[in-house]
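Trainee: Supplied in structure tokens, the structure appears directly below.
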Amino acid sequence: MNPDIIKERQNATFDVEKLTYILDGGLEKTKRRREIESMVFSDPDFKEEDPNFLSRSERYDQAVRKSAQMILKLREYGIADPEEIYCYKTCVNPDRPGPLDLHLAMFMPTLLNQATQEQMDRFFMPTWNLEIIGTYAQTEMGHGTHLRGLETTATYDPATQEFVLNSPTISSIKWWPGGLGKTSNHAIVLAQLYTQGNCHGLHAFIVPIRDMNTHVPLPGIVVGDIGPKFGFNEVDNGFLKLENVRIPRENMLMKYAKVEPDGTYVKPPSAKLTYGTMVFIRSLIVGESARALSKSCTIAIRYSSVRHQSEIRPGEPEPQILDYQTQQYKLFPLLATAYAFSFVGQYMKETYHRISGDINDGDFSELPELHALSAGLKAFTTWTTNSGIEVCRMSCGGHGYSRSSALPDIYVEFTPTCTYEGENTVMMLQTARYLVKSYRQAKAGQQLSGIVSYLNEAKQHRVQPQPVAARPTVVDINDLASLVEVYKQRAAILVELAAKSIQQEMQNRKSQEDAWNNSAIDLVRASDAHCHYVVVKLFTDKLGEIGDIAIHSVLSTLALLYALHGITTNSGDFLQAGLLNVPQVHQVSARIKELLSQLRPNAVALVDAFDHHDKKLNSVLGRYDGNVYEHMFEWARRSPLNATEVHESFHKYLKPLRSKL
Amino acid sequence: MNPDIIKERQNATFDVEKLTYILDGGLEKTKRRREIESMVFSDPDFKEEDPNFLSRSERYDQAVRKSAQMILKLREYGIADPEEIYYPDGSLCDCKAMGLHFVMFLPTLYSQCDPQQSKKWLPLIIGTYAQTEMGHGTHLRGLETTATYDPATQEFVLNSPTISSIKWWPGGLGKTSNHAIVLAQLYTQGNCHGLHAFIVPIRDMNTHVPLPGIVVGDIGPKFGFNEVDNGFLKLENVRIPRENMLMKYAKVEPDGTYVKPPSAKLTYGTMVFIRSLIVGESARALSKSCTIAIRYSSVRHQSEIRPGEPEPQILDYQTQQYKLFPLLATAYAFSFVGQYMKETYHRISGDINDGDFSELPELHALSAGLKAFTTWTTNSGIEVCRMSCGGHGYSRSSALPDIYVEFTPTCTYEGENTVMMLQTARYLVKSYRQAKAGQQLSGIVSYLNEAKQHRVQPQPVAARPTVVDINDLASLVEVYKQRAAILVELAAKSIQQEMQNRKSQEDAWNNSAIDLVRASDAHCHYVVVKLFTDKLGEIGDIAIHSVLSTLALLYALHGITTNSGDFLQAGLLNVPQVHQVSARIKELLSQLRPNAVALVDAFDHHDKKLNSVLGRYDGNVYEHMFEWARRSPLNATEVHESFHKYLKPLRSKL
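Chains as they are written, first to last, in the UniProt record's numbering: chain F, 1 to 661; chain P, 1 to 654.
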């Protein structure tokens, strides 16, 4: 164990283990998580070659092998709880996506939700036993976010009682679905349904794409891998071109909408049913943000505690780089953010489970708020995390750029969350739509409830550009409740500003749609402020649940840092709205510096509490024992370029060059 | 040609070709650049397989092949001007495998060898420059490698005494080079004389096998730089003749007597030069990213603004414009700043050769700060461009992942950015103190002369009369200048206050580092706004002047909204003005919309240099994306072997 890091741990003022329980949601959960981790990490069947040393094809191959093993083991150990499966999976392919992910996370659940009993009888057992390997093909080359724009067609032919599927244009080729390229033999294809001459919009069809026995693509099917990406090397994201592919009528998922044998279309009872899954996935992504950011902070902070560089005082030994104020200023606000997002992730999960109970009982009343919240928070947390990972990476200097740091991998595996499952700007605008609607309702005299209830007060204050000093400020920058209030007012004011911008555009004879587009910058800004308020509030609320005094104290410091740091980086908003005055903004800057020093002795302990197993981190910089350099050297020597002392290119190109010069 | 993109080009209000000349520095330069480009792109010897489809070893192999070809061709065509060599290096063939050979090894040899040494070393050698160690980067004094002089044999004995002292990162060190210039602490006659440079043979000239005492290899895969064999080097009692120390300046006599170099500033110049170049790199990387994102946004249709109408080009969304146009403006700003830095460097390096170092400190401070300022901005800007392309930006076919991973090391190498910002801050605080002490400053920091006049006091914003015209660039330059002056003063006062609290000067500095970085940032921001504005004065063409003015205004106003707190706090702008700025930015976005594609066309990035299916000049994105994907190595067989190995056998077990 590195002596620096031992000392760091001795300096901690709280019990790390207890904080881990809080993050996991209880001692029992921590225990079970560790059980599963040790089950996987001690299993020789899951031993792997470092993917960084493999070609893409070898990486895919290794991932298929391990995923197949995983399915066997899950059955063997009888692990069936979705959360435990998820935990197991993230150990098998340590936080990397795998080729069977969509089979498990999309194909099977979609069957369960949308297949009729008869379809379940036909498809479920083969799917369960991996005779059918499926994926979910929605996105097309030319169409993502906007579902109505999808071009794939499924035309019903009553003569044969079949659907005929087609990709009518190049832009309609299905593009991106995970596991589609090489792994799957079936796909749930989303297509525009045509019957009796009418289009009835998007519906889901089960389409066999490869022969069950030989795995060769079926006639009319053009399928393959979409090529290398930034990351996701283990996944065969694929393309699918359908050329007059015929499937039986019974392959349309018909639990809700139906096509009768004669081609008569029967509408589904409610459009809200599919809505739930989307909300669920976006809520999960909030938790993913917390995980990615906490891993990055773990690596950067541990490394910063063992790395010595330059000098603060001349003549003294090189200090730990964590002692530099600039390094603390890069990392500690991100550490605070990782905690904030962890608690927000917990909240979203709990809320989802609560509401999904209601939904099953047919009560959709809380869904719109959760939908709006999950959209905005998905965007807010992923954007913040995305840039935060890179700050962590660069805070490790050059070594962060090596794949051995794991930070490049964390980044490339995480960054798609900003554009998939709803592109972030679109997500922010969805939340904004809800906020503006709520604002208008409040203005019209309706009493709002839930998280947007602060818009009720919108009637009272007027947003007027006014001298900052003219507004009396009663904010206590050391009091979290007071800061929550300030964030709330900022959100209220920015929602009002956006709403007024729309109004003004419409007064200038713009249509409602153009007015919306011309106010989009303000709308995103309002959503962002709303989400920021929610995060500060939820973090503060969480503190109320913490009984342990030492932990309460350190988490309060983090929460305060999170809130104050958000104020400095958005000080213009708070000043413009007259919520803070200039001396207060200066006090905030000064207070942040104090908080950095205050957190310094607990920094390593705070990342230890995330309890990321070394094998999951897979980072030479982030090792628990801090023995960075030895392992970096050992790792480098295994680099494939070192397999031979002299690379063949010397004999092929460099040596012959001499005689020619 | 995609019809959308044809229409875009028809809407342009200016002559794209003329703007290209301005960016290149004149018609002649554009012509020559294009000549070289077509020379390379039409040369079958430089044909390559898309590196994205190759393994790391194959990528390295291909790069070595092309580098070797390049050296032959440069001789053949008699290309010797460094700038012309650089075109190929930066563009045509990713000759990074031997980049350090050209950029660091040869120049160091030229500048630090005596003539006899040059004659001996220049042929046959492939060299690299080994400075950074596993445990030591920025802080040169911390380097641990030792070179101990042994007068008995007239040799230096080189050693890597600890694991953290292993040389780490030098490009071309792992597999390519047979020599390295090794920076090591020189010990002779029992004394350490600090860092000096030594030429160390590391591989046999004939067999290329590592020499005794040399442990050398590749440091393993990285985020990018796949073509480069960044290497490690462990020295175990390696003996080299005394003459292998580079002795143009410092010397060790045969008896071990150390002779000091005449000036420490001599090596300083290269560093400044490289940092100035990086500013230009920022402009190039950002302009490429903008080219890809803006062209793609003009052919991509998605969602709806008005119900029932066809899906609009995504470039018509205000949010998309707000992501991309400020970055486009930034790319132009950095291009002009890059030009300025290059010119200034050439001007000053003439003085340096004449022994006049007077302007070096300012250029040094400026190049450090601007290196950090432009690379940070560009670094996040590339990613904004990538994500503005939605999912497709994540595909390697977009080229944006590559642009990012190849660019991002600029933030940490050649001086880590935060360290760079603090170096600039040191110069600013020093200048501020000089001004306060009554000295009259000249040059770019002369605005600190005014520091005496205004007091930085937290005061009601409304109390300060503001005469800023947010539509007038000169007025905005002034505002940026005052912001910089105020933030420098704030940082200086923070140090002072810490010292009043009985902190040592060094601790006071560290405890004010956040403020110091902020001050440097504001200083650089001011310089960029100023240089962009100055450049407008040189533009004769009315149409181009008009569109560049719009860009400059957008750049300046966007910087104000993103830092509005600073301007409000300092009382430089009032709240209504900040609202006006936001409104004005929206107008500027609409104003730029018709010229957006033409403005990226003017950067004149050849399709083969962009190598992006999304950024193609003809806009035919989808056909080429499909064609590219089909060449993916995973598609070499219809059925991947893993099906037979794992998936099919699994069935019988379930």
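We put the beta carbon where it would ideally sit given N, CA and C, even for glycine. As the structure is a prediction and not an experimental result, all values here were calculated from the model.
Going by DSSP in three states, Gln313 (chain P) sits in which element: helix, strand or coil?
Mentor: If you number the second sequence from 1, residue 313 (chain P) lands on position 313. Note: Gln313 (chain P) maps to strand in three-state DSSP.
Trainee: Who are the Cβ neighbours of Asp548 (chain F) in its own chain at under 6 Å, not counting the five residues just before and after it?
Mentor: By one-based count along the first sequence, residue 548 (chain F) stands at place 548. The residues are Lys18.
Trainee: Chain F partners of Tyr646 (chain P), CB-CB under 7 Å?
Mentor: The residue labelled residue 646 (chain P) in the question sits at position 646 within the second sequence. Those within 7 Å of Tyr646 (chain P) in chain F are Val64, Arg65, Ala68.
Trainee: Sorted by chain position, which residues of the same chain lie with C-beta nearer than 6 Å to Lys371 (chain P)'s C-beta, five sequence neighbours on each side aside?
Mentor: Taking the second sequence and counting its residues from 1, one reaches residue 371 (chain P) at position 371. Cβ neighbours of Lys371 (chain P) beyond the five flanking positions: Arg275, Ile278, Met420.
Trainee: Classify Ala636 (chain P) as buried or exposed, calling it buried when 16 or more other Cβ atoms lie within 10 Å of its own Cβ.
Mentor: As a position in the second sequence, residue 636 (chain P) is number 636, starting the count at 1. Its Cβ having fewer than 16 others within 10 Å, Ala636 (chain P) is exposed.
Trainee: Given that a residue counts as buried once 16 or more other Cβ atoms are within 10 Å of its Cβ, and exposed if not, what is Lys660 (chain F)?
Mentor: As a position in the first sequence, residue 660 (chain F) is number 660, starting the count at 1. With fewer than 16 other Cβ atoms within 10 Å, it is exposed.
Trainee: Report all residues from its chain with a CB closer than 6 Å to the CB of Tyr447 (chain P); omit the five preceding and five following residues, and keep chain order.
Mentor: Looking up residue 447 (chain P) in the second sequence gives position 447. Same-chain partners within the cutoff: Lys481, Ala485.
Trainee: Given a cut-off of 8 Å on the beta-carbon distance, is the pair Leu422 (chain P) and Leu548 (chain P) in contact?
Mentor: Locating residue 422 (chain P) in the second sequence gives position 422, where the first residue counts as 1. Locating residue 548 (chain P) in the second sequence gives position 548, where the first residue counts as 1. No, Cβ-Cβ distance for Leu422 (chain P) and Leu548 (chain P) is not below 8 Å.
Trainee: Given a limit of 9 Å on CB to CB distance, which residues of the stretch 199-212 of chain P reach chain F?
Mentor: Against chain F - using a Cβ distance shorter than 9 Å - the residues of the stretch 199-212 of chain P are Arg203, Asn206, Thr207, His208, Val209, Pro210.
Trainee: So what does DSSP say about Ile470 (chain P), is it helix, strand or coil?
Mentor: Taking the second sequence and counting its residues from 1, one reaches residue 470 (chain P) at position 470. Correct three-state label for Ile470 (chain P): coil.
Trainee: From the DSSP output, in three-state form, read off Ala187 (chain F) for me.
Mentor: Translated into positions along the first sequence, residue 187 (chain F) becomes position 187. If DSSP states are grouped into helix, strand and coil, Ala187 (chain F) belongs with the strands.
Trainee: Rounded to the nearest angstrom, what separates Gly217 (chain P) and Pro51 (chain P) at their Cα positions?
Mentor: Along the second sequence, read from residue 1 onward, the residue named residue 217 (chain P) stands at position 217. Along the second sequence, read from residue 1 onward, the residue named residue 51 (chain P) stands at position 51. Rounded to whole angstroms, Gly217 (chain P) to Pro51 (chain P) spans 22 Å at the Cα level.
Trainee: Using a C-beta cutoff of 8 Å, does Met632 (chain F) count as contacting chain P?
Mentor: Numbered from its first residue, the first sequence carries residue 632 (chain F) at position 632. Yes - at least one Cβ of chain P is within 8 Å of the one on Met632 (chain F).
Trainee: Is it buried or exposed, Cys385 (chain P), if we count other Cβ atoms within 10 angstroms and call 16 or more buried?
Mentor: In the second sequence, the residue the question calls residue 385 (chain P) occupies position 385. So Cys385 (chain P) counts as buried.
Trainee: Would you tell me roughly how many angstroms separate the C-alpha atoms of Pro460 (chain P) and Lys537 (chain F), rounded to the nearest one?
Mentor: Working through the second sequence from its first residue, we reach residue 460 (chain P) at position 460. Working through the first sequence from its first residue, we reach residue 537 (chain F) at position 537. Note that Pro460 (chain P) scores 44 on pLDDT, short of 50, meaning its location in the model is unreliable; the coordinates nonetheless yield the value given after this. Using only the alpha carbons, I get a separation of about 30 Å.
Trainee: Terminal residues of the continuous alpha helix (DSSP H) containing Cys531 (chain F)?
Mentor: Taking the first residue of the first sequence as 1, we reach residue 531 (chain F) at position 531. Counting along the chain, the alpha helix (DSSP H) containing Cys531 (chain F) begins and ends at 520-543.
Trainee: Please return the same chain residues whose Cβ sits closer than 7 Å to the Cβ of Ala63 (chain F), not counting the five positions on each side in sequence.
Mentor: Counting from one through the first sequence, the residue named residue 63 (chain F) turns up at place 63. Here the set comprises Asn93, Gly98, Pro99, Glu234.
Trainee: Answer with yes or no whether the minimum CB distance from Arg462 (chain F) to chain P is below 8 Å.
Mentor: Here residue 462 (chain F) is taken as the residue at index 462 of the first sequence, counted from 1. Here Arg462 (chain F) scores only 48 on pLDDT, less than 50, and its place in the model should not be relied on; the value that follows carries that caveat. Output row for Arg462 (chain F): interface = no.
Trainee: Check Trp376 (chain P) in the structure and name its three-state DSSP category.
Mentor: Stepping through the second sequence from its first residue, residue 376 (chain P) is reached at position 376. Helix, per DSSP.
Trainee: With distance defined between alpha-carbon atoms, name the residue in P:Met341, P:Pro201, P:Asn353, P:His545 nearest to Ile214 (chain P).
Mentor: As a working mapping, residue 214 (chain P) is identified with position 214 in the second sequence. Here the closest residue by C-alpha is P:Pro201.
Trainee: Can you check whether the C-beta of His545 (chain P) is within less than 8 Å of a C-beta belonging to chain F?
Mentor: By 1-based counting over the second sequence, the position of residue 545 (chain P) is 545. Output row for His545 (chain P): interface = no.
Trainee: List, from N- to C-terminal side, the beta strand (DSSP E) runs of 3 residues or more that fit wholly inside the stretch 252-307 of chain F.
Mentor: Complete beta strand (DSSP E) runs here, min 3: none at all.
Trainee: Check Leu614 (chain P) in the structure and name its three-state DSSP category.
Mentor: Position 614 of the second sequence, counted from the first residue, corresponds to residue 614 (chain P). Coil.
Trainee: So which residues on chain P does Glu318 (chain F) lean against when the C-beta distance must stay under 8 Å?
Mentor: For the purposes of this step, residue 318 (chain F) is taken as residue 318 along the first sequence, with counting starting at 1. Here the neighbours are His139, Gly142.
Trainee: Under 8 Å between beta-carbons, which chain F residues line up against Thr629 (chain P)? List them in chain order, please.
Mentor: To locate residue 629 (chain P), count along the second sequence from 1; it is residue 629. Note that residue 629 (chain P) is Ala in the sequence shown here, rather than Thr. Near Ala629 (chain P) (Cβ distances below 8 Å), the residues of chain F are Gly224, Asp225, Ile226, Gly227, Phe239.
Trainee: According to a CB-to-CB cut-off of less than 8 Å, which residues of the stretch 613-639 of chain P neighbour chain F?
Mentor: Listed by position along the chain: Tyr622, Glu623, Met625, Phe626, Trp628, Ala629, Arg630, Arg631, Ser632, Pro633, Leu634, Asn635, Glu638, Val639.
Trainee: CA-CA distance, Val600 (chain P) and Cys290 (chain P)?
Mentor: To locate residue 600 (chain P), count along the second sequence from 1; it is residue 600. To locate residue 290 (chain P), count along the second sequence from 1; it is residue 290. The straight-line gap from Cα to Cα measures roughly 7 Å.
Trainee: How would you label Ile301 (chain F), buried or exposed, when you count the other beta carbons within 10 angstroms and need 16 or more for buried?
Mentor: The count along the first sequence starts at 1 and reaches residue 301 (chain F) at position 301. The residue is buried, with at least 16 neighbouring Cβ atoms inside 10 Å.
Trainee: Identify whether Met212 (chain F) lies in helix, strand or coil by the three-state DSSP scheme.
Mentor: Walking along the first sequence from the start, residue 212 (chain F) turns up at place 212. Coil, per DSSP.
Trainee: State the start and end residues of the unbroken alpha helix (DSSP H) segment that holds Gln185 (chain P).
Mentor: Locating residue 185 (chain P) in the second sequence gives position 185, counting from the first residue. Taken as a continuous stretch (DSSP letters only), Gln185 (chain P) belongs to no alpha helix (DSSP H), being part of the beta strand (DSSP E) at 179-188.
Trainee: Taking the alpha-carbon positions, what's the Arg637 (chain F) to Ser397 (chain P) distance?
Mentor: The residue you call residue 637 (chain F) lines up with position 637 of the first sequence. The residue you call residue 397 (chain P) lines up with position 397 of the second sequence. Distance between the alpha carbons of Arg637 (chain F) and Ser397 (chain P) is about 31 Å.
Trainee: So which of F:Cys199, F:Leu617, F:His631, F:Pro601 has the shortest CA-CA distance to Asp4 (chain F)?
Mentor: To locate residue 4 (chain F), count along the first sequence from 1; it is residue 4. Taking only the C-alpha atoms, the option nearest Asp4 (chain F) is F:Pro601.
Trainee: Taking only beta-carbon positions, decide if Gln114 (chain F) is within less than 8 Å of chain P.
Mentor: As a working note, residue 114 (chain F) is residue 114 in the first sequence. It does not: the Cβ of Gln114 (chain F) has no partner Cβ on chain P nearer than 8 Å.
Trainee: Which word fits Pro656 (chain F), buried or exposed, when buried means at least 16 other C-beta atoms lie within 10 angstroms of its C-beta?
Mentor: As a working mapping, residue 656 (chain F) is identified with position 656 in the first sequence. Label assigned to Pro656 (chain F): exposed.
Trainee: On the criterion of 16 or more Cβ atoms from any shown chain inside 10 Å, does Thr162 (chain P) qualify as buried, or is it exposed?
Mentor: The residue labelled residue 162 (chain P) in the question sits at position 162 within the second sequence. Label assigned to Thr162 (chain P): exposed.
Trainee: Could one say the Cβ of Asn518 (chain F) lies closer than 8 Å to chain P's Cβ atoms, at least one of them?
Mentor: Residue numbering aside, residue 518 (chain F) sits at position 518 when the first sequence is read from its first letter. It does: the Cβ of Asn518 (chain F) has a partner Cβ on chain P nearer than 8 Å.
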